[in-house]
Amino acid sequence: MEDFGKKPRSKTNSLSQRELKQESKSWEAIQQSILMYLLIENGYVITIDRPDKFAHLSKHFFVISNLKKGINEFKFCEEIGRRCQTMISPAIRVCQQKQLKRHFDKSKSSLCVNLLIEFAQRCGYNFTIRGTRSSIYTVKMQKFCEISKSGKTLYNKEDIFRIGSKVNDVLKELCVEANGKECIDISYNDIKKIDEDENSVTTDEIVSRSTSRGEFMERTMSAFKRVGFGRNYMVLY
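Taken in order, the sequence shown gives residues 1 to 237; the numbers are from UniProt numbering.
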């Protein structure tokens with residue numbers, strides 16, 4: 001089985017269509033996981049549905065039911081369903097039922113990540129968005145390669161991959177341990193071990209990560225071309 005906790009593959013490597021699809025699905029799940037991690041670090045409790053089975057060849061993309069912070073609760077899954085019905089309605093006229101379900105499921109995953117980004121932006125995080133191909137019948141998922149806050153880079157692509165993979169594994173373990181439950185509340189106590197691991201790196205690891213995470217010097221953006229801007233993000237290719 002592929003170890004998705006490792007550094008992302010080089011684009012020069014030859015991959016089959018199946019492998020590319022698996023890696024794409026894993027990256028989507030890893031994005032979802034690190035976004036959940038950021039929100040939980042900022043006081044949110046996230047309720048996820050316990051899946052009947054897990055993805056075997058890729059990281060698992062979870063269904064989020066609710067977000068809670070203090071006395072405030074957001075019906076996350078209901079909002080995703082409402083937005084999805086509104087945004088993919090044109091496909092109903094031209095797609096068969098099987099195609100429509102596939103479009104609906106893909107759009108739900110995209111809306112989940114996009115909405116989590118919105119919540120993270122409210123916590124002060126900014127995202128560098130990669131340019132991706134548009135789709136006629138599905139909602140486009142925002143793919144990010146860098147996370148920053150207050151002008152400082154916190155996580156580059158390798159950090160996102162590493163931490164998101166760890167969070168995804170922890171969520172899977174919690175679901176396995178919660179056998180018989182329909183849903184699970186994920187709070188900071190459930191992910192603090194990841195924080196402890198990240199904060200207990202050696203001096204050499206701190207130095208090696210400092211450039212990429214902006215802890216001692218700013219990252220240069222000269223290797224990228226800016227092609228567009230959003231309120232809290234820039235698009236690169």
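The beta-carbon is built from N, C-alpha and C at its ideal position, and this holds for glycine as well.
Since the structure is predicted, the reported quantities are computational estimates derived from the model, not experimental observations.
Check residue 183 in the structure and name its three-state DSSP category.
Position 183 of the sequence shown, counted from the first residue, corresponds to residue 183. In this structure, residue 183 counts as strand in the three-state DSSP scheme.
Would residue 68 pass as an interface residue toward chain D - the criterion being a Cβ-Cβ separation below 9 Å?
Given the protein chain composition of this structure (a single chain), no chain D is represented.
Assign residue 60 to buried or exposed, taking buried as 16 or more other Cβ atoms, counted over all protein chains shown, within 10 Å of its Cβ.
In the sequence shown, counting from the first residue as 1, residue 60 sits at position 60. The residue in question, residue 60, is buried, as its Cβ has 16 or more Cβ neighbours within 10 Å.
Counting C-beta neighbours from all protein chains within 10 Å, is the total for residue 208 16 or more, i.e. buried, or is it exposed?
By 1-based counting over the sequence shown, the position of residue 208 is 208. Because the pLDDT at residue 208 is just 48, under 50, the model does not fix this residue reliably, and the point stays unresolved.
Buried or exposed for residue 199, going by 16 or more other Cβ atoms inside 10 Å?
As a working note, residue 199 is residue 199 in the sequence shown. Exposed, because fewer than 16 other Cβ atoms sit within 10 Å of the Cβ of residue 199.
Which residues does DSSP list as the beta-bridge partners of residue 49?
On the sequence shown, residue 49 is found 49 positions in, with the first residue counted as 1. Bridge partners of residue 49: 183.
Whose C-alpha, out of 79, 52, 73, 48, is nearest the C-alpha of residue 64?
Within the sequence shown, residue 64 is the residue found at index 64, counting from 1. Minimum Cα-Cα distance from residue 64 among the listed residues 79, 52, 73, 48 corresponds to 48.
Evaluate residue 106 with the Cβ neighbour count: other Cβ atoms within 10 Å of its Cβ, from every protein chain shown; 16 or more gives buried, anything less gives exposed.
Counted from its first residue, the sequence shown places residue 106 at position 106. Buried: at least 16 other Cβ atoms inside 10 Å.
Kindly list the residues whose CB is nearer than 7 Å to the CB of residue 112, restricted to its own chain and excluding five residues on each side of it in sequence; keep chain order.
Taking the first residue of the sequence shown as 1, we reach residue 112 at position 112. Around residue 112, the same chain offers 32, 64, 80 as residues with beta carbons nearer than 7 Å, after the five sequence neighbours per side are excluded.
According to the neighbour-count rule (16 or more other Cβ atoms, all chains shown, within 10 Å of its Cβ), is residue 20 buried or exposed?
Within the sequence shown, residue 20 is the residue found at index 20, counting from 1. Residue burial annotation: residue 20 is exposed, with fewer than 16 other C-beta atoms found within 10 angstroms of its C-beta.
What does DSSP give as the partner residue(s) for residue 74 in the beta ladder?
Counted from its first residue, the sequence shown places residue 74 at position 74. In the DSSP assignment, residue 74 forms a beta bridge with 67.
What is the DSSP secondary structure of residue 39, reduced to helix, strand or coil?
What you label residue 39 is simply residue 39 of the sequence shown in a count that begins at 1. Taken through DSSP and simplified to helix, strand or coil, residue 39 comes out as helix.
For the beta strand (DSSP E) containing residue 44, list its first residue and its last residue.
Taking the sequence shown and counting its residues from 1, the one referred to as residue 44 is at position 44. Run containing residue 44: none; DSSP gives neither H nor E here.
Rounded to a whole number of angstroms, what is the C-alpha to C-alpha distance between residue 71 and residue 129?
The sequence position of residue 71 within the sequence shown is 71, counting from 1. The sequence position of residue 129 within the sequence shown is 129, counting from 1. Roughly 32 Å separates the two Cα atoms.
Alpha carbon to alpha carbon, how far is residue 156 from residue 56? Give it in angstroms, no decimals.
For the purposes of this step, residue 56 is identified with residue 56 of the sequence shown, where counting begins at 1. For the purposes of this step, residue 156 is identified with residue 156 of the sequence shown, where counting begins at 1. The straight-line gap from Cα to Cα measures roughly 26 Å.
Out of 148, 137, 73, which has the shortest C-alpha to C-alpha gap to residue 99?
Along the sequence shown, one-based indexing puts residue 99 at 99. Comparing Cα-Cα distances from residue 99 to each of 148, 137, 73, the minimum goes to 137.
Rounding to the nearest angstrom, what Cα-Cα distance links residue 196 and residue 39 in this structure?
Within the sequence shown, the letter at position 196 stands for residue 196. Within the sequence shown, the letter at position 39 stands for residue 39. The straight-line gap separating the alpha-carbon atoms of residue 196 and residue 39 is approximately 17 Å.
Closest by CA to residue 132, which one among 16, 17, 24?
Translated into the one-based positions of the sequence shown, residue 132 becomes position 132. Sorting 16, 17, 24 by C-alpha distance to the C-alpha of residue 132 places 24 at the top.
Sheet register partners of residue 155 (DSSP bridge)
Position 155 of the sequence shown, counting from 1, holds the residue named residue 155. Beta-bridge pairing links residue 155 to 147.
For my contact list, residue 163 and residue 117 are in at a C-beta cut-off of 8 Å; report their separation, rounded to the angstrom.
Within the sequence shown, residue 163 is the residue found at index 163, counting from 1. Within the sequence shown, residue 117 is the residue found at index 117, counting from 1. About 16 Å; that fails the 8 Å criterion.
Just checking my contact of residue 114 with residue 142 at CB under 8 Å: how many whole Å lie between their CB atoms?
Taking the first residue of the sequence shown as position 1, residue 114 is located at position 114. Taking the first residue of the sequence shown as position 1, residue 142 is located at position 142. A Cβ-Cβ separation of about 5 Å places residue 114 in contact with residue 142 under the 8 Å criterion.
Beta-carbon within less than 8 Å of residue 150's beta-carbon, same chain only, minus the 5 sequence neighbours each way: which residues are those?
Within the sequence shown, residue 150 is the residue found at index 150, counting from 1. Here residue 150 has 124 as same chain residues with Cβ atoms under 8 Å from its own Cβ, once five neighbours each way along the sequence are excluded.
Could you give the DSSP three-state label for residue 175: helix, strand or coil?
Indexing the sequence shown from 1 puts residue 175 at position 175. If DSSP states are grouped into helix, strand and coil, residue 175 belongs with the helices.
Just the Cα atoms here: how many angstroms apart are residue 103 and residue 50?
Reading the sequence shown from its first residue, position 103 is the one you call residue 103. Reading the sequence shown from its first residue, position 50 is the one you call residue 50. The alpha-carbon of residue 103 is positioned some 23 Å away from that of residue 50.
Quick one: using the 10 Å Cβ neighbour count with 16 as the cut-off for buried, is residue 179 buried or exposed?
Sequence index remark: in the sequence shown, residue 179 carries index 179 (1-based). Counting C-beta atoms within 10 angstroms of its own C-beta, residue 179 has fewer than 16 neighbours from the protein chains shown and is therefore classed as exposed.
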